[in-house]
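Participant: Chains as they are written, first to last, in the working numbering: chain P, 17 to 148; chain E, 17 to 148; chain X, 17 to 148.
Glycine included, every Cβ here is placed at the ideal spot set by N, Cα and C.
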Amino acid sequence: MLKKFEVSTTRRVEFVDITSLVRQTVAESGVLDGICVVYVPHTTCGITINEHADPDVVADIVNKLEELAPRNGRYAHIEGNSDAHIKASLVGSSQTIIIQGGKLLLGIWQGVFLCEFDGPRKRNVFIKVIAG
Amino acid sequence: MLKKFEVSTTRRVEFVDITSLVRQTVAESGVLDGICVVYVPHTTCGITINEHADPDVVADIVNKLEELAPRNGRYAHIEGNSDAHIKASLVGSSQTIIIQGGKLLLGIWQGVFLCEFDGPRKRNVFIKVIAG
Amino acid sequence: MLKKFEVSTTRRVEFVDITSLVRQTVAESGVLDGICVVYVPHTTCGITINEHADPDVVADIVNKLEELAPRNGRYAHIEGNSDAHIKASLVGSSQTIIIQGGKLLLGIWQGVFLCEFDGPRKRNVFIKVIAG
Numbered sequence: 017m018l019k020k021f022e023v024s025t026t027r028r029v030e031f032v033d034i035t036s037l038v039r040q041t042v043a044e045s046g047v048l049d050g051i052c053v054v055y056v057p058h059t060t061c062g063i064t065i066n067e068h069a070d071p072d073v074v075a076d077i078v079n080k081l082e083e084l085a086p087r088n089g090r091y092a093h094i095e096g097n098s099d100a101h102i103k104a105s106l107v108g109s110s111q112t113i114i115i116q117g118g119k120l121l122l123g124i125w126q127g128v129f130l131c132e133f134d135g136p137r138k139r140n141v142f143i144k145v146i147a148g
Numbered sequence: 017m018l019k020k021f022e023v024s025t026t027r028r029v030e031f032v033d034i035t036s037l038v039r040q041t042v043a044e045s046g047v048l049d050g051i052c053v054v055y056v057p058h059t060t061c062g063i064t065i066n067e068h069a070d071p072d073v074v075a076d077i078v079n080k081l082e083e084l085a086p087r088n089g090r091y092a093h094i095e096g097n098s099d100a101h102i103k104a105s106l107v108g109s110s111q112t113i114i115i116q117g118g119k120l121l122l123g124i125w126q127g128v129f130l131c132e133f134d135g136p137r138k139r140n141v142f143i144k145v146i147a148g
Numbered sequence: 017m018l019k020k021f022e023v024s025t026t027r028r029v030e031f032v033d034i035t036s037l038v039r040q041t042v043a044e045s046g047v048l049d050g051i052c053v054v055y056v057p058h059t060t061c062g063i064t065i066n067e068h069a070d071p072d073v074v075a076d077i078v079n080k081l082e083e084l085a086p087r088n089g090r091y092a093h094i095e096g097n098s099d100a101h102i103k104a105s106l107v108g109s110s111q112t113i114i115i116q117g118g119k120l121l122l123g124i125w126q127g128v129f130l131c132e133f134d135g136p137r138k139r140n141v142f143i144k145v146i147a148g
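#1: How would you label A85/X, buried or exposed, when you count the other beta carbons within 10 angstroms and need 16 or more for buried?
#2: Would you identify the three-state DSSP class for A104/E, choosing helix, strand or coil?
#3: Start and end of the alpha helix (DSSP H) containing S45/E?
#4: How far does the beta strand (DSSP E) with E67/E in it reach, from first residue to last?
#5: Do you know whose CA, among L48/P, N66/P and P57/P, lies nearest T35/P's CA?
#6: Quick check: the region 49-61 of chain E against the region 103-113 of chain E, are there 3 or more CB pairs under 8 Å?
#7: Please list the terminal residues of the continuous alpha helix (DSSP H) segment that includes I77/E.
#8: DSSP puts A92/X in a beta bridge; with which residues?
#9: Please decide whether I77/X counts as near chain P, where near means a Cβ-Cβ distance under 7 Å.
#10: Give me whichever residues DSSP pairs with A109/E in a beta bridge.
#11: Under 7 Å, do L121/X and F142/P count as touching if we go by C-beta distance?
#12: Note down the Cα distance separating A92/X from K80/E, rounded to an integer number of angstroms.
#13: Distance check for T60/E and N97/E, CA to CA, integer angstroms please.
#14: Contact defined as beta carbons within less than 8 Å: I believe C131/X pairs with T26/X. What is the distance between those atoms, to the nearest angstrom?
#15: Whose Cβ in chain E lies nearer than 8 Å to the Cβ of K144/X?
#16: Going by the CB atoms, is the gap between V145/P and V150/P shorter than 7 Å?
#17: Tell me the DSSP bridge mates of R159/E?
#18: Below 7 Å CB to CB, which residues in the same chain sit around E30/X once its five sequence neighbours on both sides are set aside?
#19: Of all the CB atoms in chain E, is at least one closer than 7 Å to the CB of I102/P?
#20: Between the C-alpha atoms of R39/P and H68/P, what's the straight-line distance to the nearest angstrom?
#21: Under a CB-based cut-off of 7 Å, is D70/X close to chain P?
#22: Comparing the C-beta of T59/P with each C-beta of chain A, is any distance below 7 Å?
#23: For L18/E, would you say it is in contact with chain P, using Cβ-to-Cβ distances shorter than 7 Å as the test?
#24: In whole angstroms, give me the CA-to-CA distance for S105/P and A100/X.
#25: Does any CB atom of chain P fall closer than 7 Å to the CB of S109/E?
#26: Could you give the distance in angstroms between the alpha-carbon of V78/P and the alpha-carbon of E44/P?
#27: Give the residues of chain P in contact with V73/X, contact being defined as C-beta atoms less than 7 Å apart.
#28: Would you kindly work out how many angstroms separate the C-alpha atoms of G117/P and L18/E, rounded to a whole number?
#29: Under the assumption that R139/P contacts V56/P (Cβ atoms under 8 Å), give the Cβ distance between them as a whole number of angstroms.
#30: Report yes or no: is there a C-beta of chain P within less than 7 Å of the C-beta of Q126/X?
#31: Can you tell me whether I102/X is buried or exposed, with buried defined as 16 or more other CB within 10 angstroms of its CB?
#32: Mind checking D33/P: buried by the 16 CB within 10 Å criterion, or exposed?
#33: Give a yes or no on whether the minimum CB-CB distance between S105/E and chain P is below 7 Å.
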């Protein structure tokens, strides 16, 4: 089963919690055991798994990525968003999660985030469920 | 096939070689061709694949991650482990490895590591084998 | 279906666009729906997905990784390529891409790159297609 969702981001850099979209897709698929791949078809955007209880955790990750690859650094790419491309490769375009007994095997503190690095924009997320 | 292992870490930051757990799970599964997903359900812990011959390689990776996201940096999250969350997102919560002829397609120098960033603790690792 | 390709790199650090190898493997497999895992069995090499239209994007990613983990930094590993091992763990050994209707679900700007961090060398890339 493959589903596509549109996510609207509201700031240049923003982590959007999409855990409920992933859970909902796995539930709809009826798959009891398998894996789930969450993928963004964008080059200035990523997917990560991290704590979604305290929003300060995501804020600290965002700040550190900005420190490592500042928006206003010296880059060759003329569009002015090289920092976003770099952050996307550091975080990765997808995450794979295990499904057991019809449920995502996320840890109690884990959430799935779409990582916007060059918003605000409308972004697509693909969620693929594979039985096995 | 899905297996869960408990790994005890002994230091705050430590990469534990879990290659043998992964090999053993693939062997037990009887799957000849497919993929294997190694996943940690924690937000201050990751999975990476790198050299497991010379322990200095892992030491250099650990030191660099500490340099990029120092434990005592300025963070918002009050639990004092933001560096560990950041490192987890840089390294990733899982790795996917190909299975061919009943064996993991790891390179000769490659090992699979559980990356502890906020230990010592007892950690869970899930290993999922998918035929295909 | 599993295919192995050899990629020759020509510089110490170089991102080689292997998107056509991935597309060709998916087409040959005849798989209409599923996933594709692109994997390097090396510890000083990675796989990333990023923009393959403007080569300046890749140049900026390469430069930033060199800045974060300089070749001539202070490392313990005596082979002198610790920076390459670090970069490999930051970028990751594999990427997973969704297949829909027989095609890779890559975004319009996305390409798949083999990231050479310690070349020039002959490198292997494995591409595994799983139906589902």
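Facilitator: In terms of the structure at hand:
#1: As a first step, residue 85/X is located in the third sequence; it is residue number 69 there, counting from the start. Buried: at least 16 other Cβ atoms inside 10 Å.
#2: Along the second sequence, one-based indexing puts residue 104/E at 88. In the structure shown, A104/E sits in a helix (DSSP, three-state: H, G or I).
#3: The count along the second sequence starts at 1 and reaches residue 45/E at position 29. Counting along the chain, the alpha helix (DSSP H) containing S45/E begins and ends at T35 to S45.
#4: Locating residue 67/E in the second sequence gives position 51, where the first residue counts as 1. That run of the beta strand (DSSP E) goes C61 to E67.
#5: Mapped onto the first sequence, residue 35/P falls at position 19. For T35/P, the nearest C-alpha among the options comes from N66/P.
#6: yes
#7: Here residue 77/E refers to the residue found at position 61 when the second sequence is read from its first residue. Segment P71 to L84, the alpha helix (DSSP H) holding I77/E.
#8: Locating residue 92/X in the third sequence gives position 76, counting from the first residue. Bridge partners of A92/X: none, in fact.
#9: Against the third sequence, residue 77/X aligns to sequence position 61. Cβ-Cβ to chain P under 7 Å: yes for I77/X.
#10: Locating residue 109/E in the second sequence gives position 93, where the first residue counts as 1. Sequence check: residue 109/E is Ser here, not Ala. BP columns for S109/E are empty, so no partner.
#11: If you number the third sequence from 1, residue 121/X lands on position 105. If you number the first sequence from 1, residue 142/P lands on position 126. Yes, the pair counts as a contact, with Cβ atoms nearer than the cut-off.
#12: Residue mapping note: residue 92/X aligns to position 76 of the third sequence, counting from 1. Residue mapping note: residue 80/E aligns to position 64 of the second sequence, counting from 1. The alpha-carbon atoms of A92/X and K80/E are separated by roughly 11 Å.
#13: Against the second sequence, residue 97/E aligns to sequence position 81. Against the second sequence, residue 60/E aligns to sequence position 44. Their backbone Cα atoms lie some 8 Å apart in a straight line.
#14: Within the third sequence, numbered from 1, the residue matching residue 131/X stands at position 115. Within the third sequence, numbered from 1, the residue matching residue 26/X stands at position 10. C131/X to T26/X, Cβ: 14 Å. No contact.
#15: Your numbering for residue 144/X matches position 128 in the third sequence. In chain order: I51 and I114.
#16: An answer regarding residue 150/P cannot be provided, because it is not within the stretch 17 to 148 covered by chain P.
#17: Past the edges of chain E, shown from 17 to 148, lies residue 159/E, and the structure says nothing about it.
#18: For the purposes of this step, residue 30/X is identified with residue 14 of the third sequence, where counting begins at 1. Within the same chain, E30/X has close Cβ partners E132 and G135.
#19: In the first sequence, residue 102/P corresponds to position 86, counting from 1. No, its Cβ sits nowhere closer than 7 Å to a Cβ of chain E.
#20: By one-based count along the first sequence, residue 39/P stands at place 23. By one-based count along the first sequence, residue 68/P stands at place 52. Using only the alpha carbons, I get a separation of about 15 Å.
#21: Numbered from 1 along the third sequence, position 54 holds the residue referred to as residue 70/X. Yes - at least one Cβ of chain P is within 7 Å of the one on D70/X.
#22: The chain labelled as chain A is not found among the protein chains of the depicted structure, namely P, E and X.
#23: Sequence index remark: in the second sequence, residue 18/E carries index 2 (1-based). Closer than 7 Å: yes.
#24: Here residue 105/P refers to the residue found at position 89 of the first sequence. Here residue 100/X refers to the residue found at position 84 of the third sequence. Roughly 16 Å separates the two Cα atoms.
#25: For the purposes of this step, residue 109/E is taken as residue 93 along the second sequence, with counting starting at 1. Judged by the 7 Å Cβ criterion, S109/E is in contact with chain P.
#26: In the first sequence, the residue the question calls residue 78/P occupies position 62. In the first sequence, the residue the question calls residue 44/P occupies position 28. Approximately 32 Å, taken between the alpha carbons.
#27: The residue you call residue 73/X lines up with position 57 of the third sequence. Under the 7 Å cutoff, chain P gives H93, S98 and H101.
#28: For the purposes of this step, residue 117/P is taken as the residue at position 101 of the first sequence. For the purposes of this step, residue 18/E is taken as the residue at position 2 of the second sequence. Taking the straight line joining both Cα atoms gives about 11 Å.
#29: In the first sequence, the residue the question calls residue 139/P occupies position 123. In the first sequence, the residue the question calls residue 56/P occupies position 40. Indeed, because the Cβ distance is near 7 Å, the residues count as touching under 8 Å.
#30: Position 110 of the third sequence, counting from 1, holds the residue named residue 126/X. Q126/X counts as touching chain P.
#31: Taking the third sequence and counting its residues from 1, the one referred to as residue 102/X is at position 86. I102/X should be labelled buried.
#32: Along the first sequence, one-based indexing puts residue 33/P at 17. The residue is exposed, with fewer than 16 neighbouring Cβ atoms inside 10 Å.
#33: Taking the first residue of the second sequence as 1, we reach residue 105/E at position 89. Chain P, which has a Cβ nearer than 7 Å to the Cβ of S105/E, makes this yes.
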